[in-house]
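Undergrad: Quick note on this note's numbering: the sequence shown kicks off at 1 and runs consecutively.
We treat Cβ as the ideally placed atom computed from N, Cα and C, and that holds for glycine.
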Amino acid sequence: MMEHNKYAEIAVPLPIHKTFSYEIPVEMIDAIRPGMRVVVPFGKRVLTGYVVAIRDVSELKDVKLLRDILDDSPILDGQLMRLAHWISTYYISPIGEVMKAMLPAGVNQESATIITLAQSVDVVDQTIAHIGSRNQKKILQSIRNHRRIDLESLRKETRISNLGITLNRLNSAGLIAQEVTMKTPRAKVQYDVWYRLADTFRRSERDAEKIVPGAPKQIMCLKIIADRDEIAQNELLKLSGVSRSTVDALVKKGHVVRFQKERVRQYYDGESKQAPDVTVLTKDQDKVVSEIDKFISGRLFRPFLLFGVTGSGKTRVYIEVLKKTISMGRTAIVLVPEISLTPQTVRRFTRNFPGMVAVLHSRMSVGERYDSWRKLKEGEFKIAIGPRSAIFAPLKNVGLIIVDEEHESSYKQADTSPFYNARDVAVVRGKLSEAVVLLGSATPSVESFYNAKFDKYQMLTLPKRIENIPMPSVHVVDMSAQRKKTAAPDRDFLSRELIDKINEKLDLNEQIILLQNRRGFSTFIKCSDCGHIEKCINCDITLTFHIHTHRLRCHYCNFIKKAPDVCEHCGSSELTFRGIGTQQVEAALLAEFPKARLVRMDLDTTTQRKSHDRILKDFGEHRYDILLGTQMVAKGHDFGRVTMVGVISADTALQMPDFRASERTFQLLTQVAGRAGRKDRRGEVIIQTYSPEQFSIVCAKSHDYEKFFMAEILLRKELDYPPFSRIVQVMMKGENAQNVIIAINQFKESVSIDPARVKVLGPVPAPLSRIKNQYRWHMIFKVDKRWDSTGERMNAIVRDAESKIRRYLAKETVRLHVIVDPVTLF
Ligand code: ADP
Ligand code: ZN
Ligand code: ZN
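1) Whole angstroms is fine: what's the gap from Q119's alpha carbon to A177's?
2) Mind checking I383: buried by the 16 CB within 10 Å criterion, or exposed?
3) Taking only the alpha-carbon atoms, compute the straight-line gap between F747 and E802 and give it to the nearest angstrom.
4) Answer yes or no: the CB of S573 versus the heavy atoms of ligand 2, is any distance below 7 Å?
5) Do you know whose CA, among T89, T542, V309, T127, lies nearest Q667's CA?
6) H130 lies in the alpha helix (DSSP H); which residues open and close that run?
7) Using only alpha-carbon positions, find the residue among V336, K733, Q285, M710 that is nearest to V814.
8) Please confirm whether any heavy atom of ligand 2 lies closer than 7 Å to the CB of D529.
9) How close, in whole Å, do the beta carbons of V257 and C221 come, if the pair is a contact with beta carbons under 8 Å?
10) Which first and last residues belong to the alpha helix (DSSP H) in which I713 is found?
11) Indicate whether the contact test is met: 3 or more Cβ pairs, each with one atom in the segment 578-586 and one in the segment 524-532, closer than 8 Å.
12) Mind checking which residues open and close the beta strand (DSSP E) that includes R806?
13) With distances taken from CA atoms, which of Y195, P343, S312, K210 is nearest M632?
14) Output needed for V317: all residues of its chain with C-beta closer than 7 Å, excluding positions within five of it in sequence on either side, in chain order.
15) Find out if the Cβ-Cβ distance for the pair Y191, R263 is shorter than 8 Å.
16) Bridge partners of F524, per DSSP?
17) CB-CB under 8 Å to M2, same chain, minus the five flanking residues each way: which ones, in chain order?
18) Quick one: does the C-beta of Y556 sit closer than 7 Å to a heavy atom of ligand 3?
19) Is the segment 716-733 touching the segment 767-787 in the sense that three or more CB pairs, one from each, lie closer than 8 Å?
20) Is the closest heavy atom of ligand 3 to the C-beta of C539 under 7 Å?
21) Measure the alpha-carbon distance for E735 versus N538 and round it to whole angstroms.
22) Only counting the same chain, and skipping five residues up and downstream in sequence, which positions put a Cβ closer than 7 Å to that of Y808?
23) Is Q285 near ligand 1, judged by its Cβ being under 7 Å from some heavy atom?
24) If I'm right that D150 touches I114 with Cβ under 8 Å, what's the distance once you round it to whole angstroms?
25) Once DSSP output is grouped into helix, strand and coil, what is the label at S325?
26) Between which two residues does the alpha helix (DSSP H) carrying T246 extend?
27) Does the Cβ of V820 have 16 or more other Cβ atoms within 10 Å, making it buried, or fewer, making it exposed?
28) Label T452 either buried or exposed according to how many other C-beta atoms from any shown protein chain fall within 10 Å of its C-beta, with 16 as the threshold for buried.
29) Between the alpha carbons of A249 and K210, how many angstroms are there, rounded?
30) Which class does W777 belong to by DSSP, given the choice of helix, strand or coil?
31) Between V251 and the rest of its own chain, which residues show a CB-CB distance below 6 Å, the 5 nearest in sequence each way excluded?
32) Below 7 Å, is the gap between the Cβ of F826 and the nearest heavy atom of ligand 3?
33) Report whether the distance from the Cβ of G313 to the nearest heavy atom of ligand 1 is below 7 Å.
34) Assess contact between the segment 711-725 and the segment 496-510, defined as three or more Cβ pairs (one per stretch) separated by less than 8 Å. Is contact present?
35) Could you check if Q260 is buried or exposed, using at least 16 other CB atoms within 10 Å of its CB as the buried criterion?
36) Considering only the beta carbon of each residue, do L60 and S21 sit closer than 8 Å?
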């Protein structure tokens, strides 16, 4: 009988919206399945691709053979594959990019081109001496020096832009040879050397003295090993103080067995020794938990919004429902907004579920992340905790997904495709796996609260703080009235009220948190004489002055230059430092409160791996009186001694050109206020602002989320913003402004829409009109959600328009980004 050919549809991790057909080599037909990784030739390259489907026929004539299969079982199971397809459709993202994003970094094999000399060194040397082209000379010289060099290194070394073409010329002249090989993946299983007692020895009397009489070092080793059953080499050598050769001797004599054991690299060094949460649930908590339990027991899909003020015991509820889920034999995912900022929360989970939790962390090494991922897939860990990408944890039988602080914008992937929001993906994954999805927040996103009001989600509330601790009192200071009253002009951003209150708290030996949501010293330097402002050379952004390095820095592209002493435009020395950043606040506080122990927490002080944790820990142990920082200080920290919170300027977030500016301001103020007064003392909050009447500030003052929501939802309705429409943002980026403008206009002309269903705004330059040397223009589509509930219609429309202008984009190197449900419109 004739063998029947089979074909695999392969997605590649590139910005391409289609999949590719490959013929499956006969010997691989039985092994291959959707969700596996394969190696395929792709143009001149060799890539890791993902099997999306297996087919009996292919429409193409010359299908290439796929090279290899990398997995012995699907790396993404059926459910995760369905999730990938949903993300790809809804977020208009290429399926290959989606699948790549679902896997931990470093598991993919990539190809490398290795270049060698095809002639003897003498011949090459002669050629170099006579050759005309400088680039060819440079390349040959470099290959000659290295003998073998990969393409990327050669590119870096020679800095030739059209390297490919030049290499092809040298190739056809027979001077060099190129071959494609596979690089080994960065993430690999690692092994350690371990020892245990030999079985013969175990069975006999365990008397080390009799077995190796007169060898005290060996005796000690045997005793340690016997004590532990098995022990890692490192630890054995450390505990015993002997050298490898002593252990080797025992192995040789057959008393001890050496073996290899997989290493599980973990970011958190061991588990906290604190006891698990055992407190009796409050009445409110009990009500909430039993409502959720009904659905966990029934193994039913159900999205909940847990709306509970700060300190109302939400985390305690999470732990309770996690216990229930685990007892049902199911697994769970817990999403936290930014894991390095919430070490306390993470530890609370790990200590309640010892040995069951895998913490996934953006600051983990590739190896650490890979190991956690592997152990989740193998079923060794039952709970995955992490930031947005943890929604892709390879757990089977997920029964519960918790999204803590569901309003946080960090759940949206904003820098690279796919631009998904993990909170919304959580609801879809929950549906696929018949799980409970629990979104929690003290300040829910307008969208989620709306969904809960209109029964898409079930609303659960915890209206009071634990032990009836009162909400903090909030005092709003109008800075326009304050200005003249302050003592020193260079500290006029500190009001009299704020200074007095800080003094009062310092005298009582209580702690203070201060928020200024901008880092650096000043966000721009302005010349008082000519008005010149220092801007970044790559971006349309002012440069922030950093006082400790005396440098100007761009917070978007990291461009750095020395701060000028005089105006670069007119030479005047009258430079003013505008836009107050955390460093300037720090300097003013040190001058005003010389005795206070102050610590600053912002991106500049937390570049090291565990620096957040250290600052928070030190502050928790009262080594500092004042914690000053950006929005980082507003996260769910629980410090018993903090009785006061101050907001230096509530206006920074309000001034953003964005329809979510009010929402963000309300959330930030409410969250930071929630840090005050947790145990036995009522907290006090001071908010400084130039717009005391703005409704998000007024509502934050009275802790009135519902009032805020009602005001905000009317505005959204009036302007047809989410949740009343779905926004699709189309952004063009490129180095040449003219080409970017042409591209976005071509897009607009290519897109065919019914104005009754989709409203179009733009094209206009984005508010950040140039970043990293890229000009940015965008258009906004407001889509009627009832007309396109799954996102398939917009997907088809956008892809159709894109295909019409694809040639132009490729030719003029303009990049197109499509962002569905953007969280900012910068
Ligand atoms: P949230 O997550 O809403 O901010 P937490 O769960 O952290 O609230 O609870 C706030 C504080 O109250 C914590 O210190 C927690 O240990 C405590 N707490 C929570 N639930 C209870 C309870 N049922 N009895 C006593 N204390 C509780
Ligand atoms: Zn000037
Ligand atoms: Zn810049």
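TA: Reading off the structure:
1) 9 Å
2) buried
3) 7 Å
4) no
5) Comparing alpha carbon positions, the residue from T89, T542, V309, T127 closest to Q667 is V309.
6) 121-130
7) K733
8) yes
9) Actually they do not touch by this definition, with Cβ atoms about 13 Å apart.
10) 705-719
11) yes
12) Not the beta strand (DSSP E): R806 falls in the alpha helix (DSSP H), residues 792-811.
13) P343
14) Q285, V288, V289, L306
15) yes
16) R578
17) Note that M2 scores 49 on pLDDT, short of 50, meaning its location in the model is unreliable; the coordinates nonetheless yield the value given after this. Closer than 8 Å at the Cβ level, and outside the excluded window around M2, lies no residue.
18) Because some heavy atom of ligand 3 lies under 7 Å away, the Cβ of Y556 counts as near it: yes.
19) Using a Cβ-Cβ distance cut-off of 8 Å, the segment 767-787 and the segment 716-733 are in contact, since at least three pairs of beta carbons, one from each stretch, lie closer than that value.
20) yes
21) 10 Å
22) A743, Q746, listed in sequence order.
23) Checking the Cβ of Q285 against ligand 1 gives yes.
24) 5 Å
25) Here residue 325 turns out to be Thr, not Ser, going by the sequence shown. T325 falls in the helix class under three-state DSSP.
26) 244-252
27) buried
28) Reading off the sequence, residue 452 comes out as Ala, not Thr. Buried, by the Cβ-count rule.
29) 16 Å
30) strand
31) If we look at V251 and ignore the five residues flanking it on each side, its Cβ neighbours are R258.
32) no
33) G313: yes, Cβ under 7 Å from ligand 1.
34) Taking 8 Å as the limit for Cβ pairs, the verdict is that the segment 496-510 does not touch the segment 711-725.
35) exposed
36) yes
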